[in-house]
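Reading through the C-alpha cells given below for one structure.
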Amino acid sequence: MITVRNIVREGRPFFMTTPLLLERLSPGVVATIAAIDRAGLDPITAQRLHELGFDEGVDVELLHSAPFGGDPMAVRVGNMVVALRRAMARLIEIRPANAPAA
Amino acid sequence: MNAPLTAPVVALVGNPNAGKTSLFNSLTGSRQKVGNYPGVTVERKSGRLALPDGRTAELIDLPGTYSLTPRSPDEAVTRDAVLGTLPGEKRLDAIIAVIDATNLRNHLRFVLELRRLGLPMVVALNMIDLAERDGTRIDTEQLSTILGLPVIATVAVRRRGLAELGASVAATLLDHTPRPPETANADIQLLQREARMIASTVTLAQGAQRRWSQRLDGVALHPVAGPLLLAALIFFMFQAVFAWAEAPMGWIESLIGAAQGLIAANLGEGLLRSLLADGVLGGVGAVIVFLPQILILFFFILLLEQSGYMVRAAFLMDRIMASVGLNGRAFIPLISSFACAIPGIMATRTIDSPKDRLTTILIAPLMTCSARLPVYAVIIGAFIPARPVAGVLGLQGLVLFGLYIAGVIGALVAAWALRRTVTKGPSPTFLMEMPKYQWPVPRDIFIGLYQRAWAFLARAGTIILLSTIALWALATWPKPPADWSRPALEYSFAGRIGAALEPIFRPIGFNKEIALALVPGMAAREVAVSALGTVYSLEGADETNTGGLIETLRSRWELPTALAFLAWFVFAPQCISTLAVTRRETGGWAWPTFMFTYLFAAAYVAAGITYWTAKALL
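These protein sequence lines map, in sequence, to chains A and B.
Residue numbers 436 to 537, in this note's numbering, belong to the letters of the first sequence in order.
Residue numbers 973 to 1590, in this note's numbering, belong to the letters of the second sequence in order.
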C-alpha cells in the first residue's frame, strides 16, 4: 500500500494542506502527477516539460539523485527517463498512484 | 553526386534518440554531403536515397527535435524546413517521421503534430527489435489505420525494413492525396493525451522496460561510483589522446619535413620556395599535425555520445556547472575544447539557452587545447628540472597538470564573472531526456569521424592556409638592406609590430623576442614556438630544432620570464581560427572582439602576477 507517509521523504503532518511535490518523492515509489505549476515556468520550458512526457495523470518515479546535494534528479515519466533540477521538481505536484504501474 | 533538379526531397524528422542518424546512414551509406544551412551554422546533411522504382530522392537528415516549437538554432532549422520557410531550401516532398518503438507515447505526439502539416508522410517505427526484446508487441497495422499513414517497422542498425520503407516513400510520393494542413495551433496537452491513447490501443503487450539500462545507471549515476567512473574515463581518454597519437604525429611531421626537403632540393633559393616550405607547409603542417589527436578525442566523444553516456556525464556535472551559472550540457563542449576550441565551440549548438551557450563559447578557449602543448613542452623542458616528486611523479608532469588545472579554474571563474555581468540572465534550466544505453554502431562512428576529419582538413586548407600566408608575408617584407646585421625578421612588418608591442609586454617580463613571437602565434598558438626558433636562430645560433631552442632559451631567459610566459599561455588570446568560428557562431564581430579583449587582459594580469611574484621570491 502506498501511503502519504512513504511518499514523503521527511515526515510532515498530513493534515497540513502542503501539497506533495515531486522534489520530495522517495526513490522507488511510483506516484501520479497531480498538477504542474505552469505559472512558475517560462512558456517554452513548460512546453518542453510536456514534450518530455510530463502531464497531469502520468506516473512518475524517482530513479537517481545526482551527487553533491542530490540536484539534479532523474525521474521516470511514462517510458522515459528525464533529468531535471530540483527547482523545477518543486513546481510539480504529485499524489499517490492509484494503481501500481505495470 | 548532385541529384537531378526534379529529384524529390525527403526529410527524416524525429525526436533526438529515435535513431534518426543511424537510419540516415543506413539509407544513404557513405554518399553524404555535409554543409551548412545559409546564415546559421547548423550542419545540413543530405544523401541520395535510391527508391525501388528506380528514381532517386534527396534525403535530408534534419536535426532532432521534440516539437515544432524550437528552443535552439538546430530545432529552428527543423521547424523551418518542414514548414517550407527555410531560405534556400526546396519545399519538402515527403517526411519520414522516425519514432522509437520503445517510447511510443512520447514519439507519437510529435507524429501527430507533424501530421497536421498535411505533407506526404511515412512513419518509421524504429528500434522495433529492442521493443520486441523487452517483450513489447505493437500492432503496426492498427497504428497505421489510426494515424492514416503508412507505418514501417525498422531496425536501422541491422538494415531491417529499409526496402519496405523505400517502397512506402516511393508510393507516397506518387500517390499523394493532399490533406489540408491544420492551421490552428496545436495544443500540446491534447496531442499528448491523444498519443497516449493511441499508444495504449496499439500496444498488445507492454514489456518490462530496459532493466539493464537502469542497472547500468545504478553504477554510472551512483553518488560515489558515478563521479569516480567519470573521472577514470576522462583520464583514460586524455591518456589515449596523447599516447596513441604520438606515432602518427611523428609520421605526419616527417612527411611534412620530407615535403619541405623536396621543395628545398628542387626549388632555388627564393620567394616561392620560402612561401611553400616555410609559409604553407610550415604553417598548415603545424596544424595538421594535430589531426591524430583530434580524431582520437572525437572517437571517444562519439563513443560516449552514441552509447548514451554523455548525457549521464552532463547529469553528474550539472551541480558543479550550476554553481558558476552554467548548465550540465556545457560539460561536453568544454571537454572537446581540450583537443581544440573549434569543435568545442561548434558543439555548443546543443545548448538551448542562448546566454548559456554564449558563456560556454566565451570560456571554451580557456580549456588547454592541444596546440598549447608544444609551447608548454618547450618551456617546461627548458626551465623545469626533471626531478621526481613523491617518488613516482615527475616535477615536469606536475607542472603540466597544474597548467591544465589553472585553465579549468580560470574557465570556472570566468563563467562565474560573465554570468553576473555581460551574459547576465535568468538562471538556466536543465531539462534533458536520458536515453537508454545503446551499443555504438561502428558504421555511425566511422562516418562521424570521417566527417569531422574532413571538416578539420577543410579548415586547415582555407582559413589557416590564408592566415599563415598572410603572416609569412608580414615576416618576409620588407626585405632588410644589405648592411642590416640583425635578424631579417626584425626589419619585416612582423618584426616592427613586435617592436611596437614590446613596451606593452615589458612590465610583465617579456622581451622583444617574445613580443615578436606572439604575433605569428595568433595564427595558431604552436606557431609561437617555431617563431621563437626563427628569431633566435636568425640571431646567431644555427640550430633551429627544438633541442637547440631549449638550450638557447635557457641561456637567454630568466626563470620568472619563463614562468610568466607559461602563465600567459594558460589564458593566451586564442588563435585566429577560434575567433573566426566564434564570429560565425555568434553572428558578428562583437563577441569575438570581447573574447579577445578579456582573454588578453586575463593573460596579461596572470603573466604579470607570475613574473613579479617569481621575481620577489627567487
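Note that the Cβ used here is the ideal one computed from N, Cα and C, for glycine as well.
Listed by chain order, chain B residues near residue i by CB distance under 9 Å
i: L484(A); result: L1403
i: L487(A); result: Y1038, N1078, L1403, M1404, E1405
Neighbour list for residue i in chain B, Cβ cutoff strictly below 7 Å
i: R473(A); result: Within chain B, no residue comes near R473(A); the closest Cβ sits about 10 Å away, beyond 7 Å.
i: L460(A); result: Neighbours of L460(A) on chain B: none; closest Cβ ~16 Å, over 7 Å.
Strand pairing of residue i, partner residues [DSSP]
i: R1468(B); result: Paired residues: none, contrary to the question.
i: K1005(B); result: S1018(B)
i: G986(B); result: V1070(B)
i: L1288(B); result: According to DSSP, L1288(B) bridges with nothing at all.
i: R1497(B); result: In the DSSP output, where bridge partners are listed per residue, R1497(B) has none listed.
i: R1109(B); result: A1177(B)
i: D494(A); result: T467(A)
i: D1046(B); result: According to DSSP, which records beta bridges pairwise, D1046(B) is partnered with nothing at all.
i: H499(A); result: A509(A)
i: A518(A); result: A509(A), M1404(B)
i: I527(A); result: I471(A)
i: V1095(B); result: A1069(B), V1123(B)
i: I1032(B); result: A983(B), S1018(B)
Inter-residue CB distance, residue i and residue j (contact presumed, cutoff 8 Å)
i: L1115(B); j: V1127(B); result: Not a contact, Cβ separation roughly 17 Å.
i: I1260(B); j: V1213(B); result: That pair is no contact at about 16 Å.
i: R1043(B); j: D1324(B); result: 4 Å
i: D1046(B); j: P1059(B); result: The Cβ separation is near 16 Å, so there is no contact.
i: L1330(B); j: G1316(B); result: Going by Cβ atoms, the distance from L1330(B) to G1316(B) rounds to 14 Å, so no, they are not a contact pair.
i: L487(A); j: E1061(B); result: With a Cβ gap of about 28 Å, L487(A) and E1061(B) do not count as contacting.
i: Y1570(B); j: T1533(B); result: Their Cβ separation, rounded to whole angstroms, is 24 Å, which puts Y1570(B) and T1533(B) out of contact at 8 Å.
i: L1372(B); j: Y1348(B); result: 6 Å
i: A1472(B); j: A1447(B); result: Contact flag wrong, Cβ pair sits at about 15 Å.
i: A466(A); j: V495(A); result: 6 Å
i: P980(B); j: A1066(B); result: 7 Å
i: A1171(B); j: R1077(B); result: 4 Å
Within chain A, the residues that residue i reaches when beta carbons sit closer than 7 Å
i: P1195(B); result: P502
i: F1287(B); result: A501, P507, A509, A518
i: Q1410(B); result: Near Q1410(B) there are no residues of chain A at all, since even the closest Cβ is about 14 Å away, more than 7 Å.
i: D1111(B); result: Chain A residues near D1111(B): none, gap ~17 Å exceeds 7 Å.
i: G1198(B); result: P502
i: Q1278(B); result: Result: empty, since nearest Cβ-Cβ is about 17 Å, beyond 7 Å.
Member of the options whose CA lies at the smallest distance from the CA of residue i
i: F1477(B); options: A1442(B), F1537(B), G1251(B); result: F1537(B)
i: A1354(B); options: G1316(B), V1501(B), M1209(B); result: V1501(B)
i: L999(B); options: D1065(B), H1194(B), V1070(B); result: V1070(B)
i: F1428(B); options: V1256(B), G1090(B), E1474(B); result: V1256(B)
i: G991(B); options: T1558(B), I1486(B), P1412(B); result: P1412(B)
i: T1028(B); options: T978(B), V985(B), G986(B); result: T978(B)
i: V985(B); options: R1415(B), E1277(B), N1098(B); result: N1098(B)
i: L497(A); options: L1193(B), F996(B), G1198(B); result: L1193(B)
i: P1453(B); options: L1446(B), E1462(B), A1445(B); result: E1462(B)
i: D1250(B); options: I1235(B), F1262(B), L1263(B), P1264(B); result: I1235(B)
i: F1402(B); options: P1337(B), A1472(B), A1294(B), P1326(B); result: A1294(B)
i: Q482(A); options: T1112(B), A1158(B), T1393(B); result: A1158(B)
i: S1527(B); options: R1556(B), T1585(B), I1351(B); result: I1351(B)
i: S1018(B); options: A1539(B), G1300(B), L1367(B), R1003(B); result: R1003(B)
i: L484(A); options: S500(A), L460(A), G504(A), R511(A); result: R511(A)
i: V1129(B); options: F1287(B), A1378(B), D1101(B), L1248(B); result: D1101(B)
i: L1202(B); options: Q1232(B), A1285(B), I1266(B); result: A1285(B)
i: P1492(B); options: R1087(B), I1441(B), H1079(B), F1271(B); result: I1441(B)
Under 9 Å from the C-beta of residue i: neighbouring residues of chain A
i: R1458(B); result: None at all; the shortest Cβ gap to chain A is about 58 Å.
i: T1074(B); result: N514
i: D1106(B); result: Ordered by position in chain A, no residue passes the 9 Å Cβ test against D1106(B), which lies about 10 Å from the chain.
i: D1189(B); result: L498, H499, A509, V516
Contact set between residue i and chain B, taken where Cβ atoms lie within less than 8 Å
i: I479(A); result: T1041, R1043
i: D538(A); result: Residue 538(A) lies beyond the stretch modelled for chain A, which goes from 436 to 537, so this question has no answer here.
i: L456(A); result: Near L456(A) there are no residues of chain B at all, since even the closest Cβ is about 17 Å away, more than 8 Å.
i: L526(A); result: Those within 8 Å of L526(A) in chain B number zero; the least Cβ separation is about 11 Å.
i: L497(A); result: Per Cβ cutoff of 8 Å: no residues; L497(A) is ~12 Å from chain B at best.
Chain A residues whose Cβ lies nearer than 8 Å to that of residue i
i: R1291(B); result: A501, P502, F503, G504, D506, P507
i: G1060(B); result: Under the 8 Å cutoff, chain A gives no residues; its nearest Cβ is about 27 Å from G1060(B).
Beta carbon proximity, residue i to chain E, threshold 8 Å
i: Q1004(B); result: Note that chain E does not occur in the displayed structure, where the protein chains are A and B.
Worksheet entry | Residues in the region 509–524 of chain A having any Cβ partner in chain B nearer than 9 Å | A509, R511, V512, G513, N514, M515, V516, V517, A518, L519, R520, A522, M523
Fill in: Within 7 Å of chain A by C-beta, residues of the region 1150–1184 of chain B in sequence order
I1160, Q1161, Q1164, Q1178, Q1181
Worksheet item: When you check each C-beta in the region 1561–1580 of chain B against every C-beta of chain A, which residues fall closer than 9 Å?
Response: none
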